[in-house]
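Beneath this line is the structure, given in structure tokens, with notes to follow.
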Amino acid sequence: MSKVLMKGNEAVGAAAIAAGCRYFFGYPITPQSEVPEYLSRELPKVGGVFVQAESEVAAINMVYGAAGAGGRVLTSSSSPGIALKQEGISYLAGAELPCVIVDMMRGGPGLGSIQPSQTDYFLATRGGGNGDYRLLVLAPSDVQELVDLIMLGFDLADEYRSPVMVLGDGMIGQMMEPVEFKEDLKREAPEKPWATTGTKGQRKPNIINSLYLEAELLEEHNIHLQEKYAKMREKEVRVETYNIENADLVFAAYGTTARIVKTAISKLEEEGYKVGLIRPITLFPYPYDTFKNINPNCKGVLTVEMNAGQMIDDVKIAVEGKIPTYFYGRTGGMVPGPAEIADKAREILGGVR
Amino acid sequence: MDERIIIAGFGGQGVMAIGQMLTYAGMIEGRKVSWLPSYGPEMRGGTANCNVIISDKPVGSPLVEEATSVIVLNKPSLDKFEGNVVKGGNLFINTSLIDRKSTRDDINVYYIPANDIATELGNPKVTNMVMLGAYLEVTKVVSIESIYEAFGKVFGETKMHLLPINKEAIERGAKLAREQIKVEA
């Protein structure tokens, strides 16, 4: 298939449909409103269901219902809306229901701004809702990768019976880039024998639930969930690296910030600096082991984020105190430019080239 | 090629649209491209801008700080983005709405009375196309054929009957720019 130019938000909708998603429940919020706009137009054409719910809380509970009935379901929002959905997300994780949740992050806290940010890293990777649960968290850096990860996200959600979060930001949602929908990626949702589709008198009722009043049973359930997360840690780590074995300074950045860092890297290389990059594509599971391959004489790892320092906690866990860590970030919806990132790198590197 | 463009003006002047046309045309010609809009709480009459990158290399930052070309359709945009043009780069000024000259002497500046020409052609909506024509003539970043193909992609096939007047606007802008291109001795 040939390439088309698409806005990130529209590409989310197109990728979901291509992945076999037929249910969307959401509530509009900038900077992701093109997702529901696109799907309200396109889902009915393929026999799908689009509902603009009365609130984010209603939307996530509709997701719970449709996922419980075995559908491939999508919801999307931006930071304050995702915050409202946390109770439902915890329930989805507890009841082991597959779905894809898109968060096009904007500045916070509170209603914040509508400009790009990465302030929901903690929310996404540490669990914004109650209980010991994790989400698979995917962080695309360009619109093509956004398409690929949405499609992969539906498969992973079904495979692990777990909600998957795709963590983007206002920039990737609003920008246009060429995308290709690989025909062979088109797929049907797998059989879901656990779904509540009606017994037809043939089997015992399936029950979708996250309530376990007996502590022994709930602990058993928790052990099962943790085994699932351990399997994700073992099998699903995805990361892009560049020149980390030889670098005097390694950047750590994800999403759109990583591509801005790449431009800063080109600038620094032209000046003769040796710099590298670790770009986590999965934020949970986090690519901790990748940091073991960094040049041991490296002067530091510089984490760049559009927040006041969140992923840097995982970077610190990863380097185990063996390499100094530094941080550069902008907040409130301000996007760091390549020049200021390169300045920070030069400051750390001193004269080392 | 590594063309980094800022296009700015009032909301409603079509700055997003010509940015999309350039992006589409670049893609048609096999380049790496990106289009990034400003999306503040803007409305008709407010300011709007977009960043376009057309390159041979994969696009890193879609955000343009050091622009090879800046196209401004109103005065606030000139004030805001004049400093972003790299040394030796191009600045296109819509003189119909901007009553001052550029203060830079290290860049190439083109003065285009775009609204006046569009009005002369009988449709003020093609102001943006006059600016686009001037830009294409100077930079030759994409071919005019690709731009016409992109027109259908951006505005939809139902708007193809408007292509002739848009072509005319592009050609008028190109002619004005041609007259201003400095002949290197």
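Protein sequence lines correspond, in order, to chains G and U.
Note that the working numbering has the first sequence beginning at 12, numbered continuously upward.
Note that the working numbering has the second sequence beginning at 52, numbered continuously upward.
Even for Gly, the Cβ is constructed at its ideal location relative to N, Cα and C.
For the 8 Å Cβ check, are there 3 or more pairs between the region 215-226 of chain U and the region 176-191 of chain U? yes
Is A150(G) closer than 8 Å to A275(G) when the C-beta atoms are compared? By 1-based counting over the first sequence, the position of residue 275(G) is 264. By 1-based counting over the first sequence, the position of residue 150(G) is 139. It is not a contact, given that the beta carbons lie outside the stated cut-off.
Do S85(U) and M186(G) have their C-beta atoms closer together than 8 Å? Here residue 85(U) refers to the residue found at position 34 of the second sequence. Here residue 186(G) refers to the residue found at position 175 of the first sequence. Yes, these two residues count as a Cβ contact at 8 Å.
Is P277(G) close to chain U, meaning its C-beta is less than 8 Å from at least one C-beta of that chain? Here the question's residue 277(G) lines up with position 266 in the first sequence. Reading off the sequence shown, one finds Ser at residue 277(G), where the question assumed Pro. Judged by the 8 Å Cβ criterion, S277(G) is in contact with chain U.
What residues from the region 106-138 of chain G come within 8 Å of chain U, judged by C-beta to C-beta, listed N to C? I125 and Q126
Excluding the 5 residues flanking A81(G) on each side, which residues of the same chain have their C-beta closer than 7 Å to its C-beta? As a position in the first sequence, residue 81(G) is number 70, starting the count at 1. Just to set this straight, residue 81(G) is Gly in the shown sequence, not Ala. For G81(G), where only same-chain residues beyond five positions count, the Cβ hits under 7 Å are K203, A206 and T208.
With a threshold of 8 Å, are at least 3 pairs of Cβ atoms found where one atom belongs to the region 257-265 of chain G and the other to the region 309-326 of chain G? yes
Does the Cβ of D153(G) have 16 or more other Cβ atoms within 10 Å, making it buried, or fewer, making it exposed? Sequence index remark: in the first sequence, residue 153(G) carries index 142 (1-based). Answer is buried; the Cβ neighbour count reaches 16.
K18(G) by DSSP, collapsed to three states: which one? Within the first sequence, the letter at position 7 stands for residue 18(G). It is a strand residue.
Do the CB positions of A77(G) and Y34(G) come within less than 8 Å of each other? Position 66 of the first sequence, counting from 1, holds the residue named residue 77(G). Position 23 of the first sequence, counting from 1, holds the residue named residue 34(G). In this structure, Y34(G) lies closer than 8 Å to A77(G) by Cβ.
Just to make sure I have the definition right: I need the residues of chain U whose C-beta is within less than 8 Å of the C-beta of R270(G). Which are they? In the first sequence, the residue the question calls residue 270(G) occupies position 259. Within 8 Å Cβ-Cβ: V110, G111, S112 and P113.
In whole angstroms, what separates the C-alpha of A329(G) from that of K273(G)? Start at 1 with the first residue of the first sequence, and residue 329(G) comes out as number 318. Start at 1 with the first residue of the first sequence, and residue 273(G) comes out as number 262. Rounded to whole angstroms, A329(G) to K273(G) spans 21 Å at the Cα level.
Against chain U: residues of the region 327-358 of chain G by CB proximity under 7 Å: V346, G348, P349 and A350
Along the region 172-196 of chain G, what residues have a CB closer than 8 Å to any CB found in chain U? G181, M182, Q185, M186, M187, E188 and P189
Three CB pairs or more closer than 8 Å across the region 275-288 of chain G and the region 296-303 of chain G: no
Got a sec: which bits of the region 233-256 of chain G sit with their beta carbon under 8 Å from any beta carbon on chain U, in order along the chain? none
Runs of alpha helix (DSSP H) wholly within the region 193-222 of chain U (minimum 4 residues, chain order): 195-206
Run through chain U and tell me which residues come within less than 8 Å of K14(G), C-beta to C-beta. Walking along the first sequence from the start, residue 14(G) turns up at place 3. Residues of chain U passing the Cβ test: M78.
Pair every Cβ in the region 249-261 of chain G with every Cβ in the region 283-299 of chain G, then say whether three or more of these pairs are closer than 8 Å. yes
What does L87(U) touch in chain G if you count any residue whose Cβ is under 9 Å from its own? One-based indexing of the second sequence puts residue 87(U) at position 36. M182, Q185, M186 and M187, listed in chain order.
Nearest neighbour of S13(G), chosen from V190(G), I305(G) and N217(G) [CA to CA]: Position 2 of the first sequence, counted from the first residue, corresponds to residue 13(G). Looking at the Cα atoms, V190(G) is the closest of the given residues.
Given a threshold of 16 other Cβ atoms within 10 Å of its Cβ, counted over all protein chains shown, does T367(G) qualify as buried or as exposed? The first residue shown for chain G is 12 and the last is 364, placing residue 367(G) beyond what the model contains.
Can you tell me the Cα-Cα spacing of M211(U) and T74(U), whole angstroms? Residue numbering aside, residue 211(U) sits at position 160 when the second sequence is read from its first letter. Residue numbering aside, residue 74(U) sits at position 23 when the second sequence is read from its first letter. For M211(U) and T74(U), the distance between alpha carbons rounds to 19 Å.
What do you get for R145(G), buried or exposed, if any count of 16 or more other CB atoms within 10 angstroms of its CB means buried? As a working mapping, residue 145(G) is identified with position 134 in the first sequence. Burial call: buried.
Run the proximity test for Y199(U): is its beta-carbon closer than 7 Å to any non-hydrogen atom belonging to the ligand FAD? As presented, the structure is devoid of all ligands, the ligand FAD included, so that no description of it is given.
Output, in chain order, the set of chain G residues within a Cβ distance shorter than 8 Å of E196(U). Within the second sequence, the letter at position 145 stands for residue 196(U). Chain G residues near E196(U): none, gap ~17 Å exceeds 8 Å.
Listed from N- to C-terminal order along the chain, which residues in the region 24-42 of chain G have their beta-carbon within a distance smaller than 7 Å of any beta-carbon of chain U? P42
If you count every other CB in all the chains shown that lies within 10 Å of the CB of I149(U), and 16 or more means buried, which is it? Locating residue 149(U) in the second sequence gives position 98, where the first residue counts as 1. Looking at its Cβ environment, which holds 16 or more other Cβ atoms inside 10 Å, I149(U) is buried.
Assigned exposure category for R83(G) - 16 Cβ within 10 Å defines buried: Reading the first sequence from its first residue, position 72 is the one you call residue 83(G). Buried, since its Cβ has 16 or more Cβ neighbours within 10 Å.
Between which two residues does the alpha helix (DSSP H) holding S101(G) run? Mapped onto the first sequence, residue 101(G) falls at position 90. S101(G) -> alpha helix (DSSP H) spans Q97 to G105.
Helix, strand or coil for R117(G) per DSSP? Translated into the one-based positions of the first sequence, residue 117(G) becomes position 106. R117(G): strand per DSSP, three-state reduction.
Please list, in chain order, all residues of the same chain as Y90(U) whose beta carbon is under 7 Å from its beta carbon, the five residues on each side excluded. Locating residue 90(U) in the second sequence gives position 39, where the first residue counts as 1. Closer than 7 Å at the Cβ level, and outside the excluded window around Y90(U), lies no residue.
Where does F143(U) sit, in a helix, a strand or coil, going by DSSP? Taking the second sequence and counting its residues from 1, the one referred to as residue 143(U) is at position 92. Strand, per DSSP.
Please report whether the beta-carbon of K273(G) lies at a distance below 8 Å from any beta-carbon of chain U. Taking the first sequence and counting its residues from 1, one reaches residue 273(G) at position 262. Yes, because at least one Cβ of chain U sits closer than 8 Å to the Cβ of K273(G).
For R55(U), which residues in the same chain have their Cβ closer than 6 Å to its Cβ, ignoring the five residues on either side in sequence? One-based indexing of the second sequence puts residue 55(U) at position 4. The answer, listed in chain order, is I104, V115, A118 and T119.
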